[in-house]
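Enquirer: Here the working numbering = 1-based position in the sequence shown + 439. Just so it is clear, CB atoms sit at the ideal spot from N, CA and C, and this is done for glycine as well.
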Amino acid sequence: MNNTDPAIGVPTDQSVLAQNVEYVDSMLGERRLGTSAITLPSFLSDRDRVPFLFRHLPTADETAAELWALGVTGTATAKLGRKTTVWSEITISDTPLLTGLTQYRWQAVTLHGKIHFAYDSDVDRLHVWDGTAMRRSGMGISAAPTAADAGSGSLSGARYGRVRYVEISGSTVVRRGEASASRTFAPSGAGASITWTKPATISEGETHWEIELSLDNSTFYRMSRIVVGTTTYSDTDTVYTSGTLSADAGDYTVLPSARYLTTDEDRLMWAGSWEDDAQASRVGWTPVFNATGDGNDERYATDTDPTLDLDTYEHGPITGISAPIFGAIWAFKRSAIYRLTRSGSPNAAYDASKVTDAVGAMHGSVISGVDEVGQPCIYFIDDEQGPCRVGIGGIKRCGEDLRTTWSGMNVDATAVAVSGLYYPRKRQVMWNLATGASNTPDTRLVLHVDKSRPFADGVRKGWTVWTGDAAKALSMCLFADNIEANAARSFSLVPFIGLTGLGYIQRCETGVNDNGVTYVATITTKPITMKSTMHQFGIRAASLMGKATTAAAVDVSCVRNFGLETTATVSSVTFTASGSETEAIKPLDDFKGMEMAVAQFTFTDITVPTAQWQLNRFDVLGVSGQGA
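1) Under the assumption that residue 885 contacts residue 869 (Cβ atoms under 8 Å), give the Cβ distance between them as a whole number of angstroms.
2) Who are the Cβ neighbours of residue 842 in its own chain at under 8 Å, not counting the five residues just before and after it?
3) Among all the DSSP beta bridges, which residues are the ones paired with residue 1039?
4) Where residue 1022 and residue 542 are concerned, what is the direct C-alpha to C-alpha distance, given to the nearest angstrom?
5) How would you call residue 681, buried or exposed, if buried means at least 16 neighbouring beta carbons within 10 angstroms?
6) Excluding sequence positions up to five away, which residues of its chain have a Cβ less than 6 Å from the Cβ of residue 828?
7) Count the CB pairs spanning the stretch 912-924 and the stretch 447-458 that are closer than 8 Å, and state whether there are at least three.
8) Should the stretch 537-556 be regarded as contacting the stretch 699-714, the criterion being three or more beta carbon pairs within less than 8 Å?
9) Alpha carbon to alpha carbon, how far is residue 492 from residue 507? Give it in angstroms, no decimals.
10) So the beta strand (DSSP E) residue 701 belongs to, where does it begin and stop?
11) Leaving aside the five residues before and after residue 465 along the sequence, list all residues of the same chain whose C-beta is less than 8 Å from its C-beta, in chain order.
12) Counting Cβ pairs, one atom from each stretch, are 3 or more of them under 8 Å apart for the stretch 1009-1021 and the stretch 958-977?
13) Can you pull the DSSP bridge partners for residue 600?
14) Assuming residue 505 and residue 488 are in contact, meaning their beta carbons sit under 8 Å apart, how far apart are those beta carbons, in whole angstroms?
15) Give the secondary structure of residue 864 by DSSP, where H, G and I count as helix, E and B as strand, and everything else as coil.
16) Going by DSSP, what residue range makes up the beta strand (DSSP E) through residue 663?
17) Compute the Euclidean distance between the alpha carbons of residue 922 and residue 792, then round it to the nearest angstrom.
18) Tell me whether residue 647, by its Cβ, gets closer than 8 Å to a heavy atom of the ligand ATP.
19) Would you mind sorting residue 1065 into buried or exposed? The rule is 16 or more other CB atoms within 10 Å of its CB.
20) Would you please state the rounded distance, in angstroms, between the beta carbons of residue 953 and residue 908? I believe it to be under 8 Å.
21) I need the DSSP call for residue 567, collapsed to helix, strand or coil.
22) Would you report the Cα separation of residue 669 and residue 484, rounded to the nearest angstrom?
23) Do residue 529 and residue 944 count as a contact pair if the criterion is CB distance below 9 Å?
24) Residue ranges of each alpha helix (DSSP H) run of no fewer than 4 residues wholly in the stretch 511-544, ordered along the chain?
25) Using only the alpha-carbon positions, how far apart do residue 852 and residue 650 sit?
26) Run through the stretch 774-844 for me and flag every whole beta strand (DSSP E) of 3 or more residues, listed as ranges in chain order.
27) Which parts of the stretch 467-512 are runs of the alpha helix (DSSP H), unbroken and 4 residues or longer, counting only runs that do not cross its ends?
28) Which residues bound the beta strand (DSSP E) around residue 945?
29) If you draw a straight line from the C-alpha of residue 963 to the C-alpha of residue 540, how long is it?
30) Quick one: measure Cβ to Cβ for residue 778 and residue 766, integer angstroms, because I've assumed they're closer than 8 Å.
31) Buried or exposed, going by whether 16 or more other CB atoms sit within 10 Å of the CB of residue 461?
32) List the residues that DSSP assigns as beta-bridge partners of residue 984.
33) Looking at the unbroken beta strand (DSSP E) that takes in residue 458, where does it start and where does it end?
34) Contact between the stretch 680-698 and the stretch 747-754: three or more CB pairs below 8 Å?
35) With C-beta atoms as the reference, is residue 951 less than 9 Å away from residue 1050?
36) When the Cβ atoms of the stretch 594-605 are set against those of the stretch 613-632, are three or more pairs found closer than 8 Å?
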């Protein structure tokens, strides 16, 4: 589709309208498939919208994939659901903030079998699903311990004590907190000992506490690991050397409340901030998973330079971060793009460079996909330049053919301006846009990447536009097409969409309507001349070929001279096979017209469709003064 160039100048392999069609299994286009609502549990079905969908793989077994969904009503109530073979409700850790845009800005990634969540809550922390519960990421800091004389012993002089909380599973430390502030205590008199009492629990799943002691408030030794049910430790050591040297201060800093997440092989990366404007341009990362330490995907070490600030307060906040391609991660602002690459050092593990400040990305528009030859690339939408991509060929515009459509985006939408995903099976990049005065999507742009081609003014061709419920997605993800079966998940992944209203999680790629609501599929060719607009011609007959499909039908119409008349030449075609043929060739013997300088042909649905049509060839017998 091309609605940017003047209609008469549109290339012959493009149309001026391709609505609710796609170019996957046909030569001229096929009607897109529809959607159907999936069955929801009561705790989700009583919500009024689904702004977050996510596919989670708890193990390497893709048949065990889980669908996660957030249902919201108003600005105060949210429910989180998890579909394995059955739905279950998940208690959300810390109250999510649901006012304004926050409810639509949930992000998640899977790493090491966990789901790491980024959303705005009442605490400055990331959150994680660990397979059992949703909780704050990492382990928080406790208060300092208290100390008291314990009578007999041989201690003298000032002593220093601090506490860490840890979670232990079997003999493995799952996660460890940062050490508390130290408590100074000097035993009174000779022959004394100290009783250290742990502080109040922090209720973050801690199972044990560790007592760390020092003589100089600098070098601390872990003297003991104690179950949380035991509240005291008796200190009788004259010199603290018998324990394990404790971790450095800052090694177990908790991950902040970021806006965006990605993974780079064995580490978690985050970007932006919900709590601190000064960190809105910050990118950070955890240690590699097999580095020294515990719970490495839920902490960072401040002494390793684990963050980068990308032009703080310039070009706006970070609006997205990509998955790695060709060894690089791309961070986006509204008007700038940065490239992050591994430095090869355990300290300052990434280097960053600003690639451009001429374009950037809108929130929700950053999508990992492939280009026309199958090379990985990142697609995004700039609010001034429209759809773009960055990859092996650099930054390229790719939405010039649909400028008329995307230029109508509501970039100031108060809910969702853009949502989307890449659909590998059909090699389609899908963006749902809020246009005009709408604050939620109402139009879907679909780029068939294998049909696109590089030109001097960017990447062009391969576009269609969709309307209907399929275009109204607040959220999208890929999931198994057997979602309703309480069985192992299929390897066949199709798009799922979260919507506003009833039936608000819908499976795509099924049926001929959007959950019972009809949409109209239409293809309109460019204006066609025989030689020039000065050369009159007529049409004596036509023939249409399409896949033989029972009840599949289209109306074929011809408009002459840009709509000179109010009525058009129309023929109705049904592709029901006459015998055993796989392609139906349908003559349009009554398809006639005369005295044409320009003709345009439209293929559209007949009344209410009951089957998908696929068109492969259209031939016209034209008549000029020189013959047929």
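Expert: Well, looking at it:
1) Your pair residue 885 and residue 869 checks out as a contact, with CB atoms roughly 6 Å apart and the cut at 8 Å.
2) 442, 443, 825
3) 998
4) Those two C-alpha atoms are separated by around 49 Å.
5) exposed
6) The answer, listed in chain order, is 816, 818, 835, 837.
7) no
8) yes
9) Straight-line spacing of the CA atoms in residue 507 and residue 492 works out to 6 Å.
10) Unbroken beta strand (DSSP E) run through residue 701: 699-703.
11) 985, 986, 1053, 1054, 1055
12) no
13) 622, 652
14) About 21 Å separates the two Cβ atoms, so there is no contact after all.
15) helix
16) 660-666
17) 43 Å
18) By its list of ligands, the structure shown contains no ligand whatsoever, and the ligand ATP lies outside what it can speak to.
19) Summary for residue 1065: the model assigns pLDDT 49, below 50, so the residue's position carries little reliability; its value from the coordinates is reported in the next sentence. By the neighbour-count rule (16 or more Cβ atoms within 10 Å), residue 1065 is not buried but exposed.
20) 4 Å
21) strand
22) 45 Å
23) no
24) none
25) 52 Å
26) 775-781, 789-795, 806-809, 815-821, 825-830, 833-836
27) 481-484
28) 944-947
29) 38 Å
30) The beta-carbon separation of residue 778 and residue 766, rounded to 10 Å, does not stay under the 8 Å limit for a contact.
31) buried
32) DSSP, once it has assigned bridges, lists 1024, 1056 as partnering residue 984.
33) 454-458
34) Segments in contact, no.
35) yes
36) yes
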